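Numbering (the numbering used here), first residue to last: 37 to 268. The beta-carbon is built from N, C-alpha and C at its ideal position, and this holds for glycine as well. Computed from a predicted structure; not experimentally measured. Single-structure report; data block below.
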C-alpha cells in the first residue's frame, strides 16, 4: 500500500510575511478628474506581457505608462503612506497599468528574480510591490502563501500542498501590498480599467529592471505542480 504523502503546514497567522500580501482599505482619496488623466496616460502607454500558460500569444490589451509628475497629489499620497508603513524601503517606478475591454489574464509570475540572497533578507527589508485601485472592480490574482517557494529546494517543495489561485477585488483607494516573491498574475477585465503599480525596493536586494520571473517557464516542475491556475 502506498504511503499517504505528508504535507508541510504553511497555514500560519495571516499577515504580509506569511500570506504574502495585505490589503489596506481606502488609503488614498481618488478624484474623478485624476482617473480621467490616468486613463489617458494608460491608453497611450507601451504594451506589456499579457500571455497565459494556456494562451501563449500576447493579446496586446495590457499597457503601462509612467505616472506623470503633474500627478503630484497622488504621488505624494502613495509616498506618505508607504514611507510610514515601510520605512526601510524606497518607492520606485510608479506606473499606470491599463487594461482594454476583454483583456486576458497574465501567466503566474513573481516580480523579483529569485536570487539566492533573497532567502537571507529580513522581513523588515524585504522588497515589496504595490497595486493601488483608482477604479471600482480592480482585480489581481494571487496564490496565498506562495512566498519563498521560488528559492526553495525541490525536495521541500514536494511536501507543499497545491495552492489555488485567488482573485482579489479592490475598491477605489484600496492598496494591495505584496512581497516580491509572491506568485501572482494580472487578472482579466471585461471593461476598461486603470490602476497604479510601483515597487518598494530594498537596498539589500537589487531588482532586475524589466524582468518578470514566470512560473511556467523559469521555475522547477515541483513549483509548477503547486501553483494551480483554477480559482478557489
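Query, Result
"Top-ranked residue by Cα proximity to residue 204, from 239, 154, 180, 230", "180"
"Cα-Cα separation between residue 96 and residue 137, rounded to whole angstroms", "11 Å"
"Limits of the unbroken beta strand (DSSP E) element including residue 170", "Where residue 170 is concerned, there is no enclosing beta strand (DSSP E), given that its DSSP letter is neither H nor E."
"Distance, residue 144 Cα to residue 252 Cα", "7 Å"
"Short Cβ contact (8 Å threshold) for residue 86 with residue 139", "yes"
"Whole-number beta carbon distance between residue 169 and residue 210, since they are thought to touch under 8 Å", "5 Å"
"For residue 84 and residue 100, believed in contact at Cβ under 8 Å, the rounded distance", "5 Å"
"Any 3 or more C-beta pairs closer than 8 Å across the stretch 162–178 and the stretch 54–71", "yes"
"Bridge partner(s) assigned by DSSP for residue 273", "Look at the range of the chain in this structure, 37 to 268, and you will see that residue 273 is not part of it."
"Under 8 Å between C-beta atoms of residue 231 and residue 167", "yes"
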